[in-house]
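Undergrad: In the working numbering, the protein residues as written are 13 to 476.
Rendered as structure tokens:
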């Protein structure tokens with residue numbers, strides 16, 4: 013027990029550790045614990061918002077959900093850049109080239125500034141059009157467009173939060189990434205009830221308060237990241253030793269990895285947007301119920317996503333150290349651990365579905381309650397499949413092979429999941445159940461494709 017406690021404490025410190033040698037199990041634990049806790053806090057971020065917004069109205073929940081569906085495009089850009097930065101930084105660290113890792117870090121930040129400028133302005137100007145395209149009613153748009161405007165104009169904090177955390181993860185310093193989200197979430201949890209619902213005679217800001225609380229929390233998290241990233245004491249990523257001027261070769265490498273990675277997540281995000289739009293066609297209650305269930309599902313999925321991030325770091329660093337066999341073994345081990353975790357989460361979600369939904373929709377007679385229960389129970393049946401596919405996808409991304417997961421995602425989501433959802437919900441008249449069932453069924457096919465290409469081993473020979 014003392015050894016376990018000592019290992020957990022060590023994993024939560026910012027001490028450098030060599031992940032290319034020694035015990036593989038210890039290496040996985042050292043990365044997985046802070047990464048899992050990091051994503052646990054991100055899942056709290058999502059659940060806290062929907063908890064208090066549910067106290068407003070179903071229209072408010074719908075606007076938040078539809079906005080989040082669109083903001084997943086921003087997440088896709090951020091995750092794409094993050095995947096590229098993680099792959100290159102991890103490879104340089106594995107090669108024992110910290111200055112090369114620092115150069116890649118600076119170039120990724122320069123690219124991020126351009127992306128942030130474009131999406132922030134566009135999102136703010138076309139906020140109401142975005143909600144209208146997503147199927148929101150004119151009444152919901154009038155009441156909630158301020159939320160969309162604030163969230164889109166502050167999307168830069170999302171990009172930086174994901175990117176810088178990806179840089180730290182690639183360097184093997186997952187503790188800082190975790191602590192930045194801890195800080196951001198603490199601020200968000202503190203501000204949400206105050207700004208959304210108010211206190212005393214002040215009635216709060218309503219849905220706008222949710223956006224301000226979220227952006228403020230994430231912004232403070234980014235400031236914490238920058239403090240540790242730019243400081244001269246950071247010898248793992250010595251940014252003070254390299255120039256800020258653009259480097260064409262590094263930017264080209266970043267783009268070669270990040271563009272397919274961005275497309276990869278845009279494909280997944282667009283699929284979710286389309287499914288969200290399909291559910292919205294069944295009414296506001298269906299949409300609000302689906303949004304609530306999906307936030308709860310994220311609460312369970314994000315810790316598993318955190319564990320899967322460990323695969324990207326271990327693959328990148330071990331390929332850099334010319335140890336492909338250790339990289340492959342780490343992926344298999346992480347997939348097993350993740351499947352066990354998500355199997356437990358699946359049982360909890362299926363057995364205690366109504367109790368979990370009841371935490372957010374307190375009135376069982378609310379029209380959205382039944383939709384939320386069905387969505388959570390059905391989609392959770394695919395939890396183990398989600399766990400394995402996350403790990404395999406991150407293994408490819410960590411190796412710098414973002415093209416393979418992109419093609420798998422394109423086929424699995426656009427050419428299988430979406431048509432299947434339409435077929436089941438419309439042609440076979442399953443309604444929203446058809447949309448829900450299409451999600452785990454498609455995930456099963458995606459896992460089979462990942463397993464096939466992983467076994468081929470081409471990812472082990474990828475040069476970054």
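For glycine and all other residues, C-beta sits at the position ideal for the given N, C-alpha and C.
1. Starting from residue 214, follow its DSSP beta bridges and name the residues at the other end.
2. State yes or no: is the C-beta of residue 329 within less than 8 Å of the C-beta of residue 469?
3. Count the other CB atoms, across all protein chains shown, that sit within 10 Å of the CB of residue 133; report buried if there are 16 or more and exposed otherwise.
4. Counting C-beta neighbours from all protein chains within 10 Å, is the total for residue 352 16 or more, i.e. buried, or is it exposed?
5. So residue 251 and residue 241 are in contact, right, with Cβ under 8 Å, and what is the actual spacing, rounded?
6. Could you tell me if residue 191 is buried or exposed, where buried requires 16 or more neighbouring beta carbons within 10 angstroms of its beta carbon?
7. Quick check: does the Cβ of residue 420 come within less than 7 Å of any heavy atom belonging to the ligand MN?
8. Please report the Cβ distance between residue 148 and residue 78, rounded to the nearest whole angstrom; I am assuming they are in contact, meaning their Cβ atoms lie under 8 Å.
9. Taking three-plus beta-carbon pairs below 8 Å as touching, is the stretch 416-427 in contact with the stretch 452-462?
10. Note down, in chain order, each residue of its chain lying with its Cβ closer than 8 Å to the Cβ of residue 174, except the 5 sequence neighbours on either side.
11. Where does residue 33 fall in DSSP's three states?
12. Whose C-beta lies closer than 7 Å to the C-beta of residue 205 among residues of the same chain, with five residues either side of it excluded?
13. Give the straight-line distance between the Cα atoms of residue 391 and residue 296, rounded to the nearest whole angstrom.
14. List, from N- to C-terminal side, the beta strand (DSSP E) runs of 3 residues or more that fit wholly inside the stretch 369-397.
15. Chain C beta carbons: is any one of them nearer than 8 Å to that of residue 98?
16. Quick check on DSSP: helix, strand or coil for residue 146?
17. Just mark residue 137 as buried or exposed, buried being the case when its beta carbon has 16 or more other beta carbons within 10 Å.
18. Can you name, in chain order, every residue of its own chain whose Cβ lies under 8 Å from the Cβ of residue 19, other than the five neighbours on each side?
19. Return the CA-CA distance between residue 263 and residue 292, expressed in angstroms with no decimal places.
20. So the candidates are 135, 188, 176; which of them puts its Cα closest to the Cα of residue 25?
21. For the alpha helix (DSSP H) containing residue 227, list its first residue and its last residue.
22. For residue 313, I'd like the list of residues in its chain whose CB is within less than 7 Å of its CB, leaving aside the five on either flank, ordered along the chain.
23. Can you give me the C-alpha to C-alpha distance between residue 85 and residue 111, rounded to a whole angstrom?
24. Let me check understanding here. Comparing Cα to Cα, which of 442, 400, 410, 475 lies closest to residue 464?
25. Taking residue 294 as the reference, which of 183, 29, 444, 200 has the closest Cα?
26. Is it the case that the Cβ atoms of residue 432 and residue 454 are separated by a distance below 8 Å?
27. What does the alpha-carbon distance come out to for the pair residue 186 and residue 47?
28. Out of 135, 23, 164, 395, which has the shortest C-alpha to C-alpha gap to residue 317?
29. Could you check which residue in 407, 466, 393 has the C-alpha nearest to that of residue 449?
30. Please state whether the Cβ-Cβ distance between residue 451 and residue 429 is less than 8 Å.
31. Which one of 290, 348, 341 has the shortest CA to CA distance from residue 446?
32. In this structure, how does DSSP classify residue 289 when only helix, strand and coil are distinguished?
33. On a Cα-Cα basis, can you pick out the residue from 437, 283, 181, 355 that is closest to residue 104?
34. If we ignore side chains and look at the alpha-carbon of each, how far apart do residue 123 and residue 281 end up?
35. Under three-state DSSP, which class holds residue 272?
36. Go ahead and pull the three-state DSSP assignment for residue 109.
TA: With the structure as the only source:
1. 211
2. no
3. exposed
4. exposed
5. 7 Å
6. buried
7. The ligand MN is not among the ligands present in this structure, which contains no ligands whatsoever.
8. 5 Å
9. yes
10. 87, 90, 91, 93, 94
11. coil
12. 64
13. 20 Å
14. none
15. Among the chains in the structure shown there is no chain C, since it carries only a single protein chain.
16. coil
17. exposed
18. 38, 41, 42
19. 40 Å
20. 188
21. 219-242
22. 398
23. 32 Å
24. 400
25. 444
26. yes
27. 6 Å
28. 395
29. 393
30. yes
31. 290
32. helix
33. 181
34. 22 Å
35. helix
36. coil
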